[in-house]
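263 is the number that our numbering gives to position 263 of the sequence shown; each next residue is one higher, with no gaps. For every residue, glycine included, the Cβ atom is placed at its ideal position computed from N, Cα and C. Heads up, the thing below is written out as structure tokens.
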Amino acid sequence: MSNEAHMPPQAVPADPERDRRFMAAALRLGRRNLGQTYPNPAVGSLIVAMEGGEPVVVGRGWTARGGRPHAETIALEQAGDAANGATAYVSLEPCSHQGETRPCAQALIDAKVARVVTAMEDPDPRVAGKGHEMLVAAGVALSTGVLVEEAARVHAGHISRVTKGRPHVTLKLAVSADGMIGKREGERMIITGKSAFDAVQTMRTEADIVMIGIGTALVDDPRLTVRLPGLSDRSPVRVVLDATARLKPSSNLVQSARDVPLIVVVGAEAREDRKKALEDEGAKILEVGVEGEESVDIGEVLEKLAENGFTRVFAEGGAQIASSLVADDLLDDVVLIRAPVVVGQDGVRALGGYALSAIERSPRFRLVEQATLGEDQMRRYLRAS
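Right, dumping it as structure tokens:
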């Protein structure tokens, strides 16, 4: 889509390489609050004006925690009068619907921005091209589709929620050289090293939710908070899939529920006294259907989380959750961290009844990233389509 004929001389002239460079910066800004803006997307915006023949950033913005104010509003406020005749770079189509504040597309028009560059159209039916149409109708020059693939990854949670009715799901698997995630019996076994631990902590900061099954909760008694210095306030909402409400009120998860939100997903047959004991400690109970005797319907779990505004789920354990996500084709992103240790025959297979080839060699996924984390090897796979 283009309307460059309306561009006044003050705007930053269209240049593909320069547009990509500024859009990359806008995407990085948006990621600053990724995991903190749900149900809204984490958008980044730059206002760029020409000064002395050179482009100068006069305003920066990224969606605030809780989803408001929006990135464009913050960037325009910072730019002030300098926005008049400038170019705005926005990582997602500006909203066009009236909410608690005026639409961002209208705010850009009112600020007399001369040109707007966006990465992609917003698939939200309330927007879906209408923001772009407003800008063009007002005589604003428009370029879109700049770094669209990169933007689709940053906004994957928002896109999934509004198009699929469920959050974007990332599965993290820390596995031994023989494909195990731990031992069947005995004390918790730590598979990967400190570098991998730190990397996973960082990944948590960009998730709305970190999710585990009741088996992992009972064996490991985790907190699932972010434990990197200075980032504790970036801890995501914790979710435990617990069909029969076996989670102990004395567990670390429940005892920290008043500080970091905890949702315990149970089935309809879960005992009332168990649910009440968890609620009394600050946990929220979410009821869904069950599959078999002790497994919740993970598809329904994801749908209900989306209904509650959540957009990005980081699933960390265990094998039952992993195999259910694979079986129901609910995975969008897989982080596989392989350690050199060998667990042996008494180990728990990472994907239950599935081999790791269901991810590593499946045409449904493509390898997009590799890294060495201390002695461990990390590979990241994205859904191929």
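Below 8 Å, enough C-beta pairs join the region 344–361 and the region 308–325 to call them touching: three or more. Here Pro94 is buried, its C-beta having at least 16 other C-beta atoms within 10 Å.
With respect to the C-alpha of Leu336, the residue from Val313, Ala64 and Leu373 having the closest C-alpha is Leu373. Under DSSP, Glu54 forms a beta bridge with Glu51. With a cutoff of 8 Å on beta-carbon distance, Val343 and Ser235 are scored as not near each other. DSSP places Phe365 within a strand segment (E or B) once states are collapsed to three. Under the three-state reduction of DSSP output, Ala306 falls in the helix class. Residue state for Thr144 is assigned as strand, using DSSP reduced to three classes.
For Leu286, the uninterrupted beta strand (DSSP E) run begins and ends at Lys284 to Val288, by DSSP. Boundaries for Gly131: no beta strand (DSSP E) harbours it, while the alpha helix (DSSP H) harbouring it runs Lys130 to Ala137, taken from the DSSP string. Excluding the 5 residues flanking it on each side, Ala156 has same chain C-beta neighbours closer than 8 Å at His168, Arg312, Asp332 and Asp333, in chain order. Within the same chain, Thr244 and Ala245 come within 8 Å of Arg271 by CB-CB distance, once the 5 residues on both sides are set aside. Going by C-alpha positions, Arg274 is about 12 Å away from Val254. Annotation: Gly145 to Gly61 spans about 20 Å, alpha carbon to alpha carbon.
At least 8 Å separates the beta-carbon of Gly35 from that of Thr225.
Taking a contact to require three or more Cβ pairs closer than 8 Å, the region 357–367 and the region 187–195 do not qualify as touching.
The beta carbon of Thr216 lies closer than 6 Å to those of Gly317 and Gly318 in the same chain, with the five residues before and after it left out. Annotated as distal: Leu147 and Leu29, with beta-carbon spacing of 8 Å or more. For Glu149, the secondary structure class from DSSP, reduced to helix, strand or coil, is helix.
Ser176 carries a coil assignment under DSSP once its states are collapsed to helix, strand and coil. Counted as a single uninterrupted DSSP element, the alpha helix (DSSP H) harbouring Val326 occupies residues Ala319 to Ala327.
For Gly165 and Val210, the gap between their C-alpha atoms comes out near 18 Å.
If you ignore the 5 residues before and after Ala42, its C-beta comes within less than 6 Å of the C-beta of Gly30, Asn33, Leu34 and Thr63, all in its own chain and listed in chain order. Rounded to whole angstroms, Met134 and Glu72 show a C-alpha spacing of 15 Å. Phe314 has Thr170 and Val210 as its beta-bridge partners, per DSSP.
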